[in-house]
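Protein chains in written order, with the numbering used here: chain A, 503 to 733; chain B, 503 to 733. In this text, a Cβ means the ideal position worked out from N, Cα and C, and glycines have one as well. Quantities reported herein were computed from a predicted structural model and do not represent experimental measurements. Notes follow the structure.
Protein chains: 2
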Amino acid sequence: LIAGKNEKNLFEGAIDLTHELANGMPVYPGDPVPSFKRTKTVAHDGVNLSDLNLGSHTGTHFDAPRHFFEDGVPVDKIPVKDFISDALVLDLSFKRMGDGISSEDLRKAISSTGSELKAGDSVILYTGCSDLWGKDPAVNSNFTYLSGEGAKYLVSKKVKAVGIDFLSIEQFHSKTHETHKELLGNGVYIVESLNRELKKILGKRVLFMFFPLKFENGDGAPCRALAVPLS
Amino acid sequence: LIAGKNEKNLFEGAIDLTHELANGMPVYPGDPVPSFKRTKTVAHDGVNLSDLNLGSHTGTHFDAPRHFFEDGVPVDKIPVKDFISDALVLDLSFKRMGDGISSEDLRKAISSTGSELKAGDSVILYTGCSDLWGKDPAVNSNFTYLSGEGAKYLVSKKVKAVGIDFLSIEQFHSKTHETHKELLGNGVYIVESLNRELKKILGKRVLFMFFPLKFENGDGAPCRALAVPLS
Chain A
503 LIAGKNEKNL
513 FEGAIDLTHE
523 LANGMPVYPG
533 DPVPSFKRTK
543 TVAHDGVNLS
553 DLNLGSHTGT
563 HFDAPRHFFE
573 DGVPVDKIPV
583 KDFISDALVL
593 DLSFKRMGDG
603 ISSEDLRKAI
613 SSTGSELKAG
623 DSVILYTGCS
633 DLWGKDPAVN
643 SNFTYLSGEG
653 AKYLVSKKVK
663 AVGIDFLSIE
673 QFHSKTHETH
683 KELLGNGVYI
693 VESLNRELKK
703 ILGKRVLFMF
713 FPLKFENGDG
723 APCRALAVPL
733 S
Chain B
503 LIAGKNEKNL
513 FEGAIDLTHE
523 LANGMPVYPG
533 DPVPSFKRTK
543 TVAHDGVNLS
553 DLNLGSHTGT
563 HFDAPRHFFE
573 DGVPVDKIPV
583 KDFISDALVL
593 DLSFKRMGDG
603 ISSEDLRKAI
613 SSTGSELKAG
623 DSVILYTGCS
633 DLWGKDPAVN
643 SNFTYLSGEG
653 AKYLVSKKVK
663 AVGIDFLSIE
673 QFHSKTHETH
683 KELLGNGVYI
693 VESLNRELKK
703 ILGKRVLFMF
713 FPLKFENGDG
723 APCRALAVPL
733 S
């Protein structure tokens with residue numbers, strides 16, 4: 503496929519960017535508390551079965567335009583090819599936790615990759631907040647976010663999707679939701695709560711794949727997300 | 503990657519093999535009835551959010567070895583590279599609905615593809631039952647299945663995963679679960695309830711990707727499944 507790698511070699515290096523869905527996992531403050539329960543067991547019933555109860559934005563998940571726009575496309579109507587793209591993994595961990603990422607920050611991070619951001623590429627933002635996932639509840643309401651101005655810059659660069667490594671891409675408890683609206687309103691998808699495995703691929707070009715549940719008219723959905731290093 | 507296609511061309515042709523998760527959708531008789539509910543709306547709350555309540559084997563889903571073996575690997579401990587493989591899409595729709603697929607049936611279907619089944623390939627079984635998904639409840643308890651003998655054949659061929667286009671790969675209400683146990687006990691993964699889009703790729707070699715939710719210690723999980731035609 504890329505750089506002379508064959509398919510087998512390529513996917514052997516796939517990195518799982520997905521958090522475990524588990525009882526007690528972090529959620530955006532105010533979101534429903536998910537519950538995962540074994541309902542049948544091999545010992546008693548000959549088979550293991552479980553029930554899953556969770557909000558549409560639990561754990562590593564996808565935001566569809568329908569999240570903020572009643573006429574925006576829902577998760578089940580997006581062609582699966584849109585869930586696969588090249589991406590640059592940007593290191594924004596120089597930002598102070600709780601601060602907003604600006605276009606200047608993005609340009610600096612892109613420049614330091616030595617690679618070019620092309621139309622149709624995605625970007626994945628590593629803020630470092632993922633290092634505190636499940637370890638420090640304070641960060642759940644004080645995480646680094648993408649500013650509205652930074653979002654406008656990424657829209658102007660015609661990116662396909664923006665991933666980030668914590669609960670939301672928006673400033674905590676924003677009243678205006680300008681970042682979500684700028685991205686989703688311009689057809690740029692969002693993936694939130696990627697895990698700290700991103701540290702293995704900082705500054706790299708990757709094949710980014712995220713596969714949300716096909717939830718009818720869904721505003722968003724939990725997904726499996728992975729990256730295949732290309733450079 | 504394959505046959506001179508570049509990455510962009512390749513994924514443009516991706517076919518979604520996943521059923522919509524929706525209220526009223528078919529489930530294996532006796533399984534929990536899933537529920538999907540909008541909990542916040544743009545009109546009232548400025549944002550759309552939803553709750554998802556579903557069994558671990560709802561809709562298009564993945565069976566991990568933990569489904570039938572307490573010491574089998576759960577869905578969250580399987581490396582993501584295992585969710586990506588070449589597959590042959592086999593047309594078994596010549597079988598009478600409700601009958602079991604034998605090794606002879608499989609050999610016949612493989613032979614008619616003109617392609618060879620190699621160790622590490624997956625197979626996807628199209629039975630035609632998917633054409634009746636949500637249309638004829640009678641098929642929900644009388645679908646074509648893979649016999650234990652057929653499962654043994656696929657294990658002997660060292661396949662990676664077996665997909666099928668209806669609620670279960672096992673004879674309805676089997677007491678012995680021989681098909682699941684033969685496959686999962688030998689490390690062969692199972693994907694059930696693929697949709698009828700398979701008809702577009704019958705007899706073809708595809709890149710088969712399925713991405714189950716990363717549910718901790720999960721016996722299985724809903725997944726997004728897709729196929730990228732290679733031939």
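Linking Pro581 (chain A) to Asp533 (chain A) through their CA atoms gives a straight-line distance of about 28 angstroms.
Not a single CB atom of chain B sits nearer than 9 angstroms to the CB of Ile666 (chain A). Residue contact check for Val549 (chain A) against chain B: a CB pair falls below 9 angstroms.
Shortest Cα-Cα distance from Tyr691 (chain B) to any of B:Lys662, B:Val708 and B:Asp518 involves B:Lys662.
Fully contained in the region 504-552 of chain A are the following beta strand (DSSP E) runs of length 3 or more, in chain order: 537-542.
By DSSP's assignment, Val664 (chain A) forms a beta bridge with A:Val625 and A:Ile692.
Under the three-state reduction of DSSP output, Ser558 (chain A) falls in the coil class, being neither helix nor strand. Using a Cβ-Cβ distance cut-off of 8 angstroms, the region 585-599 of chain A and the region 641-657 of chain A are in contact, since at least three pairs of beta carbons, one from each stretch, lie closer than that value. By the Cβ criterion, the region 715-731 of chain B is in contact with the region 568-581 of chain B, since at least three pairs of Cβ atoms, one from each stretch, lie closer than 8 angstroms. With fewer than 16 other CB atoms across the displayed protein chains lying within 10 angstroms of its CB, Glu618 (chain B) is exposed.
Approximately 6 angstroms separates the beta-carbon atoms of Gly561 (chain B) and Ser695 (chain B); this is inside 8 angstroms, confirming the contact.
Around the beta carbon of Ala545 (chain A), fewer than 16 other beta carbons lie within 10 angstroms, which makes this residue exposed. Beta-bridge partners of Ala566 (chain A) (DSSP): none assigned.
If you ignore the 5 residues before and after Thr681 (chain B), its C-beta comes within less than 8 angstroms of the C-beta of Tyr647, Leu648, Ser649, Gly650, Gly652, Ala653, Ile671, Glu672 and Gln673, all in its own chain and listed in chain order. Sequence-ordered contacts of the region 702-719 of chain A with chain B read Leu709, Met711, Phe712, Phe713, Pro714, Leu715, Lys716, Phe717, Glu718 and Asn719 [C-beta pairs closer than 9 angstroms]. Phe538 (chain A) has a beta carbon lying within less than 9 angstroms of a beta carbon in chain B.
Of the other Cβ atoms in all chains shown, fewer than 16 fall within 10 Å of the Cβ of Pro531 (chain B); this residue is therefore exposed.
When DSSP reads this structure, Pro576 (chain A) sits in no beta bridge, so it has no partner. Those residues of the region 550-568 of chain B placed with their C-beta closer than 8 angstroms to a C-beta in chain A are Asn550, Leu551, Ser552, Asp553, Leu554, Asn555, Leu556, Gly557, Ser558, His559, Gly561, Thr562 and Arg568, ordered along the chain. Collapsing the DSSP output to three states places Arg707 (chain A) in a strand.
Asp638 (chain A) and Lys677 (chain A) have their C-alpha atoms spaced approximately 24 angstroms apart.
Shown here, Ile612 (chain B) sits in a helix according to DSSP, grouped into three states. Asp593 (chain B) is a Cβ neighbour of Gly705 (chain B), given a cutoff of 9 angstroms.
By the criterion of a C-beta distance shorter than 7 angstroms, Gly622 (chain B) is surrounded in its chain by Ser587, Lys660 and Lys662, once the five residues flanking it on both sides are discounted. Using beta-carbon distances, His675 (chain A) does not count as an interface residue toward chain B, since no partner is under 9 angstroms. For Glu699 (chain B) against Asp553 (chain B), the beta-carbon gap comes to about 28 angstroms, at or over 8 angstroms, which does not count as contact.
Using a CB distance cut-off of 9 angstroms, Gly515 (chain B) counts as an interface residue toward chain A.
Phe668 (chain B) and Lys620 (chain B) have their C-alpha atoms some 25 angstroms from each other. Taking each of B:Phe710, B:Val591, B:Leu685 and B:Ala640 in turn and checking the Cα distance to Gly616 (chain B), the smallest one comes out for B:Val591.
Looking at the DSSP output, Phe713 (chain A) sits in a beta bridge with A:Arg726. For Glu572 (chain B), the number of other beta carbons within 10 angstroms of its own is below 16, and it is reported as exposed.
For the C-beta of Leu523 (chain A), the chain B residues within less than 7 angstroms are, from N- to C-terminus, Leu715, Lys716, Phe717 and Glu718. Under the three-state reduction of DSSP output, Gly720 (chain B) falls in the coil class, being neither helix nor strand. Residues of chain B with a Cβ closer than 8 angstroms to the Cβ of Leu728 (chain A) are, in chain order, Val582 and Phe713. When the beta-carbon positions are compared, Val730 (chain A) and Leu709 (chain A) come within less than 9 angstroms of each other.
Per DSSP, Ala640 (chain B) is not a residue of any alpha helix (DSSP H), being assigned neither H nor E.
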